[in-house]
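Chemist: Residue numbers for the sequence shown follow my numbering, beginning at 980 and rising by one.
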Amino acid sequence: MLLTIDDIKGKFSELIAGEISREAADRWAYERIQAFDAGLLEFEPGSDEEFLWNAIQYLYGVDSKDSPDEYMHSLGDIQRAFEEKWNR
980 MLLTIDDIKG KFSELIAGEI SREAADRWAY ERIQAFDAGL LEFEPGSDEE FLWNAIQYLY
1040 GVDSKDSPDE YMHSLGDIQR AFEEKWNR
């Protein structure tokens, strides 16, 4: 499984635009974590592995809640994190 910055940008964009749910973004990230653990995830370019992995870890927790009705991070928080860290 190949992971690129375009994959990360696309998933963040879909999430921020409301095209996918937080849970869907979390599951997408979890699939990549499973692939990584199995030695099946490739980073393109390889020099961006840490950068891309940090984005996967962020998306993996994007559906975490503080309470039954409130997410830990607002969509604004998610957008700011994306703009500051992964939108290059």
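Glycine included, each C-beta is placed from N, C-alpha and C at the ideal position.
#1: Can you tell me which of the three DSSP states residue 998 falls into?
#2: Does DSSP classify residue 1043 as helix, strand or coil?
#3: Where in the segment 984-1029 do unbroken runs of the beta strand (DSSP E), each at least 3 residues long, occur, reported from the N-terminal end onward?
#4: When the Cα atoms are used, what is the spatial distance from residue 1047 to residue 1054?
#5: For residue 994 versus residue 1057, is the C-beta distance shorter than 8 Å?
#6: Excluding sequence positions up to five away, which residues of its chain have a Cβ less than 6 Å from the Cβ of residue 983?
#7: As a quick exercise: from 1015, 1040 and 1028, pick the residue whose alpha carbon is nearest that of residue 1001.
Modeler: A quick look at the data gives this:
#1: As a position in the sequence shown, residue 998 is number 19, starting the count at 1. Coil, per DSSP.
#2: Stepping through the sequence shown from its first residue, residue 1043 is reached at position 64. Residue 1043 falls in the coil class under three-state DSSP.
#3: 1021-1023
#4: Position 68 of the sequence shown holds residue 1047. Position 75 of the sequence shown holds residue 1054. Going by the C-alpha atoms only, they are around 17 Å apart.
#5: For this step, residue 994 is matched to residue 15 along the sequence shown. For this step, residue 1057 is matched to residue 78 along the sequence shown. For residue 994 and residue 1057, yes; Cβs fall inside 8 Å.
#6: Here residue 983 corresponds to residue number 4 of the sequence shown, with the count starting at 1. Result list for residue 983: 1023, in chain order.
#7: By 1-based counting over the sequence shown, the position of residue 1001 is 22. For residue 1001, the nearest C-alpha among the options comes from 1040.
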